[in-house]
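Chemist:
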Amino acid sequence: MKIIFYLLSLNHRGIRMSRTCTLQVGIILALMLSQSSVSFAQSTIYQTDFDELSDRVEWTNNPNASWVREDVKGGTCLRVTNAGMVTKAIDLRKYAGMKVAFRCLVKSENVSTPNQTYLGVKFMLHYKSGDKDFWKNQDNIWGTFDWKYVFFSLIIPENISDSKLYLGLQGSTGKAWFDNISVNIIKEPTARQIRDLGVNKSRTKYRGVMSPVKFHEKDLQILAGWNVNLIRWQLTGNKPVLGNNPKDSIIYNNWLDQKLNDLDKVTSVCKKYGIKVIVDLHSVPGGRGSDGVNRMFYDHSFNKRFIETWKYIAIRYKKNAAILGYDLVNEPMQDTLPPKGLDYYTTQKAAAQEIRKIDRYKKIFIETEDGASPTDFNFLKPMPLSNIVYEVHMYHPLAYTHQGVLYEKTGIEYPGLVSDHYYDKSSLRRILQPVRDFQLAYKVQIFVGEFSAVRWAPGSARYINDCIEIFEEYGWDWTYHAYREWHGWDVEYADSSRQMIKPSYNTSRKKVLLKWFEKNERGI
């Protein structure tokens, strides 16, 4: 899931390779203060270092696998020579709905490069959900390296069955060693009381678009003509060096200043046209690893630099009336449990607290883990800070919205079958239900920072409209992804053709957006 969303963060941007009574209010505030963080306490499901015979006999045999006393401390580990796998059944049924981390210590010697990124050295989980098979592992593991941890995480499906752990080599030759496996619960769904009074007092106020990567005043003038009143402006493009030394820090700061100079121009023009701006720090210090994980959730220096970056931005724009607020991290991703105080939630909370010392009024947008996933709202608790908005991104089902982008198969229709499941508006509502439950439980504001379907997806206009109808029903503000960034998402290009054709008429997708933009009120 994390790798998919990391690819999404590159490819879906066109870079080739997110009044109740006083008593009730008091109760809600008390809940927010008492439940003001995400729980990251681990509970062990399975753990072994293979030193006990009873642990080893649980694994199947393979002629290319042997138990050897070659681990980092001279104890027993598994050695696999050339292609071969051993397995062990692991019952995960009672952990349904929980987020579970899988970790294994691995060493590799001359493992050949496979023809697929998911092959090579394998620490993998296979399971069934319903009648379908699923596989989960860390990709891009081959070559020669000393002992290191590989890991992945998974929200356990409600109907999981036949789950097994795999160790070995697949599609490669060479040698690999395995030791110290742990499977731990890292998050459990948050119990909350849903208070749906039947009358939705929230209403959608802001309807807009995700920005291009470059500033052109004409683009904003056109958006004003569309009656857009919000733009989520991404600080990205020509990405800086994101290393961890003083020179790279200077390069990052210089890059940031260039982007903020452009943002100054953006806000000046937006004031003229009555368009509010959300500042989206798309490129955070440290960047992402090959698995899509934000390095700053595992590195103190990157983490500190991230917080300092937001202090710098908040000071610069404190008195800028065009700025609606700050979107702290685009599609945050972590995998195993980060060091204490560095996890995605605590990092955003620390940055938000520093911003609040500088600016009490601008909105602060908090995104959930796993790429601002709707599902992760099941684990989220509100922050005890003022004017916090909780952000979700909607690209579900991904095989439909990203057909021909992340997936080769095209011609998948909406409404219709996607991977043997039927999707329509009611399906989209179910996907977004964790967000709605969170909103109703804590009476908080929700913002949909990104949603879209690639323009050649059959029924994309209906998909976009169905999404917006749900957002509007729930009173969520939203920005469409994206405006003049990549032609695949651009509503000005022809709907069904993959050719870069800009017709003289309004496309069906553009008509949908214009219909909803008519409801906007503009002004700074």
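First residue of the sequence shown: 1, per full-length UniProt numbering; consecutive thereafter.
C-beta atoms are modelled at their ideal positions from N, C-alpha and C, and glycine is treated no differently.
Computed from a prediction, not measured in an experiment: that's the story for all the values here.
Given a threshold of 16 other Cβ atoms within 10 Å of its Cβ, counted over all protein chains shown, does Asp503 qualify as buried or as exposed?
Modeler: This sequence places Pro at residue 503; Asp is not what is there. Its Cβ having fewer than 16 others within 10 Å, Pro503 is exposed.
Chemist: Note down, in chain order, each residue of its chain lying with its Cβ closer than 7 Å to the Cβ of Lys318, except the 5 sequence neighbours on either side.
Modeler: Cβ neighbours of Lys318 beyond the five flanking positions: Ile358 and Asp359.
Chemist: Can you tell me the Cβ-Cβ gap for Asn294 and Gln334, rounded? I've got them flagged as a contact below 8 Å.
Modeler: 7 Å
Chemist: What did DSSP end up calling Met85 once you bin it into helix, strand or coil?
Modeler: strand
Chemist: Take Gln439 and list the residues in its own chain whose beta-carbon comes closer than 6 Å to its own, dropping the five residues that flank it on each side.
Modeler: Ile446
Chemist: Using DSSP bridges, identify the partner residues of Gln170.
Modeler: Gly120
Chemist: Going by the DSSP bridge assignment, what does Glu473 pair with across the sheet?
Modeler: Per DSSP, none; premise fails for Glu473.
Chemist: If we ignore side chains and look at the alpha-carbon of each, how far apart do Glu369 and Tyr344 end up?
Modeler: 7 Å
Chemist: Count Cβ pairs between the region 177 to 194 and the region 64 to 80 that sit closer than 8 Å; are there 3 or more?
Modeler: Short answer: they touch.
Chemist: State the CB to CB distance for the pair Ser268 and Ser172, rounded to an integer number of angstroms; the pair is presumed to be in contact (CB under 8 Å).
Modeler: About 55 Å; that fails the 8 Å criterion.
Chemist: Which of helix, strand or coil does DSSP assign to Ala399?
Modeler: helix
Chemist: For Asp55, which residues in the same chain have their Cβ closer than 6 Å to its Cβ, ignoring the five residues on either side in sequence?
Modeler: Taking Asp55 as the centre and dropping the five residues before and after it, the same chain places the C-beta of Thr48 closer than 6 Å to its C-beta, in chain order.
Chemist: What ranges does the alpha helix (DSSP H) occupy inside the region 365 to 415, keeping only unbroken runs of at least 4 residues that lie completely in it?
Modeler: 369 to 372 and 398 to 401
Chemist: Between the beta-carbon of Pro212 and the beta-carbon of Arg484, is there less than 8 Å?
Modeler: Yes.
Chemist: Checking 8 Å against the spacing of the C-beta atoms, do Lys265 and Leu230 come in under that value?
Modeler: no
Chemist: Throw me the rounded Cβ distance for the Lys122 and Gly168 pair, which I believe falls under 8 Å.
Modeler: Here Lys122 really is in contact with Gly168; their C-beta atoms are around 6 Å apart, less than 8 Å.
Chemist: Residue range of the beta strand (DSSP E) that Ile45 falls in?
Modeler: Segment Ser43 to Thr48, the beta strand (DSSP E) holding Ile45.
Chemist: For the putative contact between Ile412 and Ala457, defined by C-beta atoms under 8 Å, what is the C-beta separation to the nearest angstrom?
Modeler: 7 Å
Chemist: Cβ atoms of Asp146 and Arg232: under 8 Å apart, would you say?
Modeler: No.
Chemist: What did DSSP end up calling Thr20 once you bin it into helix, strand or coil?
Modeler: Note that Thr20 scores a pLDDT of 34, beneath 50, so its modelled location is shaky; the value from the coordinates is reported in the next line. The answer is coil: DSSP assigns Thr20 none of H, G, I, E or B.
Chemist: For Tyr298, does the count of other Cβ atoms within 10 angstroms reach 16, so buried, or fall short, so exposed?
Modeler: buried
Chemist: Name the DSSP beta bridge partners of Val68, please?
Modeler: The bridge partners DSSP lists for Val68 are Cys77.
Chemist: Can you tell me the Cα-Cα spacing of Asn61 and Val86, whole angstroms?
Modeler: Near 6 Å, if we compare the C-alpha coordinates of Val86 and Asn61.
Chemist: Between the Cα of Trp486 and the Cα atoms of Trp476, Gly292, Ile323 and Arg498, which residue gives the shortest distance?
Modeler: The residue with the shortest Cα to Cα distance from Trp486 is Arg498.
Chemist: Does the distance from the C-beta atom of Phe102 to that of Ser153 stay below 8 Å?
Modeler: Yes, the pair counts as a contact, with Cβ atoms nearer than the cut-off.
Chemist: Among the residues of its own chain, which have a CB less than 7 Å from the CB of Lys363, if the five just before and after it don't count?
Modeler: Here the set comprises Leu324, Gly325, Asn387 and Val389.
Chemist: In or out: Gln403 buried (at least 16 other Cβ within 10 Å) or exposed?
Modeler: buried
Chemist: Please go through the same chain and pick out, in chain order, the residues whose beta-carbon is closer than 8 Å to the beta-carbon of Met394, but skip the five residues on each side of it.
Modeler: Pro374, Leu428, Ile431, Leu432, Val448, Glu450, Phe451 and Cys467
Chemist: Is it right to say Lys259 is buried, meaning 16 or more other beta carbons lie within 10 angstroms of its own, or is it exposed?
Modeler: buried
Chemist: Are Thr309 and Pro285 close, meaning C-beta to C-beta below 8 Å?
Modeler: yes
Chemist: Locate the beta strand (DSSP E) running through Tyr326, then write down its first and last residues.
Modeler: Ile323 to Asp327
Chemist: Within 10 Å of its beta-carbon, does Ile156 have 16 or more other beta-carbons around it, so buried, or fewer, so exposed?
Modeler: buried
Chemist: Using the C-alpha atoms, what's the distance from Leu125 back to Tyr273?
Modeler: 53 Å
Chemist: Got a sec? Which residues, its chain only, sit under 6 Å from Ala321 by beta carbon, not counting five neighbours each side?
Modeler: Ile524
Chemist: Compare the Cα-Cα distances from Lys187 to each of Ile45, Ile90 and Tyr474 and report the closest residue.
Modeler: Ile45
Chemist: Can you give the Cα-Cα distance for Phe379 and Ser496, rounded to whole angstroms?
Modeler: 38 Å
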